[in-house]
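Below: one structure, written as structure tokens.
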Amino acid sequence: MLLLVIYKNWDWIIVHWNTETRYKLLLEINNAIATRKSRASLFKSLSKELHRHFGYDRLSIILYDSQTETITYFAAADGVQPGGAIAHKSRPLADGAIARIAINSGQPAVFDDLNQYTDLSSVGELVKAGLTSTMVFPMIVRDRVLGTIHFSYREKPTAITELTEVLMATSQQIAIAVENMLAYTSLKHSHQHLQEEKEYLLSSTRDYQAGGFFFASTQMQGVMEIIKQVANTDETILITGETGTGKDFLARLIHDMSPRRDHLFIKTNCPGLTASLFESELFGHAKGAFTGAENQRLGRFELADKGTIFLDEIGELPIDLQAKLLQVLQEQKFERVGESTSTPVDARVVAATNKNLMEGVKTGLFRQDLFYRLETVTINVPPLRERPEDIPLLVQNINQTESERMNREAPIYTGDVLEFLSKYHWPGNVRELKNMVKRLIILQPGQPIYAQDIKRTFPLNNKGNKESNEVSTLNQAQRSHIIKALTETNGMVGGKAGAAHLLGIPRSTLQYRMKKLNINHADFLPKPR
């Protein structure tokens, strides 16, 4: 009959160990951890039950990754805390680690006098903490070693051989509980990933029109040739061009023509990334990482894994945040806020800017190393004024697709109005043209459109026409458009009836430009009577 050592009130007492006692012990452990849904709660309940029976001075569970040969704590250890023990910090499994012995052999590793094993990794720290003996048990489920469970004592147990056999049976039960917890966590993470993918796809679908990028100019033919050549590679691409030239459309086109087309295209608006939101938005955060973080959240890089991440207006990213982005691009891994383990990521990066990044490098506003990392392939999209032959084709196709989407009869554009529009310099480029066409669909559905209708509805003949000597700056044109949109929407910024929707841009982008142009939406709210 085996003897079980139980530590109670700092005295060792011997009790009989038999089948009935074993069954009762394992049942109590199982009941203590069966309904736990997190690592921390499972370990807390488990350690409480194990301490009641075995009176350890330190208990820890370590997870083992056989592919990377690394280990990490399942949860913060209970009891004595030696120096150098960091919960959740992944590290390589040293050849001389006591956990290595149990993992390689698949058998318990018992160290009844730690002072004789100080040459082994981390044993010195245990001795300094006052621990004299340690028993390490492999957690094995279906021939797979999940990790190890460690029982450590200040005083050597008097019947350590018998205790080892009892704890070996106990560790098998613990291994099953740990595997179930890891499977539950993985399933929960996969479900969350699918939910966030679904939400992202629903929110982004409206921003993307299927179909071709309409052009007739030789400039755009050259752009499309470059896209065809680079789409099938995984190289980083930098798309440059003025605001409204269609850089985001081309980024999506590159994704759709690439082998990654069956995975997500994730757009990130860099001007909207503040220092406080940057890491959480791009890399995600763990549950409880900060006040209000009630659940784990996936970042945009993780959502883009195996797909494409589009960094729009990257020239607006503050210099202090550029280093963090560069690190992820170089190492292809990141850490969620509130975690210290790295998550690998395989995402193709496409960036866009309306700024001269080289000038930013010279003035110290943009990192040189990040610039060279991004400009592997650069595609410059010419402004609409440099390709007037594209304008009639764009007008006709936007008129058709948008009128069908709105379920309204398409206006009819006469030859003189197309010629007139081709002479306008379009500071807002394709976006401005599209918004003008959409507005005419609303105001004059099914009616012929003449040049005088354009002149009456839009100030194109006063500013910006090539035949006029008075040309507005891009900021003036943007300010004028935003003010008109806010006036029409009575100061409402977001929503389907808001200015952002009317202008065809994301709400965050409009808010950024309003702040930059010193426009306050409150100035356009209806005045109380």
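Sequential numbering of the sequence shown, starting at 877, is according to the numbering used here. Note that CB positions come from ideal geometry on N, CA and C, so glycine has one too.
Which residues bound the beta strand (DSSP E) around residue i?
i	result
Ser1009	Ser1009 to Val1017
Leu1187	Thr1184 to Asp1188
Asn1311	No beta strand (DSSP E) contains Asn1311, which is instead part of the alpha helix (DSSP H) from Asn1305 to Leu1319.
Leu1022	Arg1020 to Tyr1029
Asp941	Arg934 to Asp941
Val1293	Not the beta strand (DSSP E): Val1293 falls in the alpha helix (DSSP H), residues Gly1291 to Lys1299.
Leu1197	That residue, Leu1197, is in no beta strand (DSSP E); its alpha helix (DSSP H) goes Ile1195 to Glu1207.
Thr948	Thr946 to Tyr949
Flag this pair as yes or no: are the beta carbons of residue i and residue j separated by less than 9 Å?
i	j	result
Ala985	Met1011	yes
Phe1027	Leu935	yes
Leu1140	Leu1202	no
Arg1315	Gln1354	no
Gly1191	Val1306	no
Leu1241	Thr1112	no
Leu1309	Ile1267	yes
Thr1254	Val1226	no
Val1221	Phe1186	no
Ala1406	Asp1188	The requested residue 1406 does not occur in the structure, where the chain is confined to residues 877 to 1405.
Ile909	Leu918	yes
Arg1261	Tyr1300	yes
Ala1005	Gln957	yes
By the DSSP assignment, the alpha helix (DSSP H) with residue i in it spans what residues?
i	result
Thr1229	Segment Arg1224 to Thr1229 is the beta strand (DSSP E) holding Thr1229; no alpha helix (DSSP H) there.
Ile1130	Lys1123 to Asp1132
Val1003	Val999 to Lys1004
Thr1277	Ile1267 to Met1282
Thr1365	Neither: Thr1365 is in no alpha helix (DSSP H) and is coded neither H nor E.
Thr1409	Lying before the first or after the last residue shown, residue 1409 is absent from the chain, which here runs from 877 to 1405.
Leu1114	Where Leu1114 is concerned, there is no enclosing alpha helix (DSSP H), although the beta strand (DSSP E) it sits in stretches over Ile1113 to Thr1116.
Gly1370	Element bounds for Gly1370: n/a, residue is neither H nor E.
Leu918	Arg915 to Phe930
Between the options, which lies nearest to residue i when the distance is taken from Cα to Cα?
i	options	result
Arg1173	Gly1183, Leu1153, Ile1359 and Phe1186	Leu1153
Leu1114	Ser1047, Leu1043, Leu1233 and Pro1259	Leu1233
Pro1147	Lys1231, Glu1215 and Phe1125	Lys1231
Gly1122	Thr1112, Asn1108, Met1100 and Glu1111	Met1100
Leu903	Leu1260, Glu1207, Ala1053 and Ser966	Ala1053
Leu901	Arg915, Ser917, Ala916 and Arg928	Arg928
Ile1317	Gln1272, Ala1361, Ser1298 and Leu1297	Gln1272
Arg1137	Arg1176, Ile1102 and Lys1182	Lys1182
Ala978	Leu1022, Met1282 and Phe1186	Leu1022
Arg1383	Ala1228, Leu1362, Phe1400 and Pro1402	Leu1362
Phe1090	Gln1276, Ser997, Thr1239 and His1301	Gln1276
Thr1252	Thr1109, Asn1394 and Arg967	Thr1109
Ile1050	Gln957, Ser1134 and Ser921	Ser921
Ile869	Ile1330, Lys1104 and Gln1352	The chain is shown only over 877 to 1405; residue 869 falls outside these bounds and no answer can be derived.
Ala916	Thr946, Glu945, Thr1144 and Ala952	Ala952
Met1057	Ser1093, Arg912 and Phe987	Arg912
Lys1360	Thr1229, Leu1379 and Gly1371	Leu1379
Ile974	Asp954, Asp995, Ser966 and Arg1020	Asp995
Taking 6 Å as the limit between beta carbons, can you name the residues of its chain near residue i, skipping five residues before and five after?
i	result
Pro1258	Gln1095
Gly959	Glu1001
Leu939	Thr948, Phe950 and Gly1023
Gly1087	Because the pLDDT of Gly1087 is 38, which lies under 50, any placement of that residue in the model is unreliable, and the question is left without a value.
Glu1211	Ser1218
Leu1193	Cys1146
Val1213	Glu1155, Ser1156, His1161 and Ala1165
Glu1235	none
Pro1321	Arg1284 and Glu1285
Ordered along the chain, which non-local residues of its own chain (more than five positions away) have a Cβ less than 8 Å from that of residue i?
i	result
Leu990	Val999, Leu1002, Val1003, Leu1007, Thr1008, Ser1009 and Thr1010
Ala1398	Gly1367
Ile1325	Pro1287, Ile1288, Tyr1289, Thr1290, Val1293 and Leu1316
Pro1402	Asn1366 and Gly1367
Pick helix, strand or coil for residue i, following the three-state DSSP scheme.
i	result
Gly1240	coil
Phe987	strand
Gln1387	helix
His1139	coil
His1397	helix
His1377	helix
Asp1181	coil
Lys1392	helix
Asn980	helix
Gly955	strand
Asn907	helix
Ala973	strand
Val1347	With a pLDDT of only 42 at Val1347, under the threshold of 50, the placement of this residue in the model should not be trusted, and no figure is reported.
Leu1233	helix
Under 8 Å: does the beta carbon of residue i sit that close to some heavy atom of the ligand FAD?
i	result
Ala1180	The ligand content of the structure shown is nil, which means the ligand FAD is not present either.
Ordered along the chain, which non-local residues of its own chain (more than five positions away) have a Cβ less than 7 Å from that of residue i?
i	result
Glu1278	Val1313, Lys1314 and Ile1317
Asn1256	Thr1116 and Gly1117
Pro1264	Ser1298
Could one say the Cβ of residue i lies closer than 9 Å to chain D's Cβ atoms, at least one of them?
i	result
Gly1371	The chain labelled as chain D is not found in the depicted structure, where only one protein chain is given.
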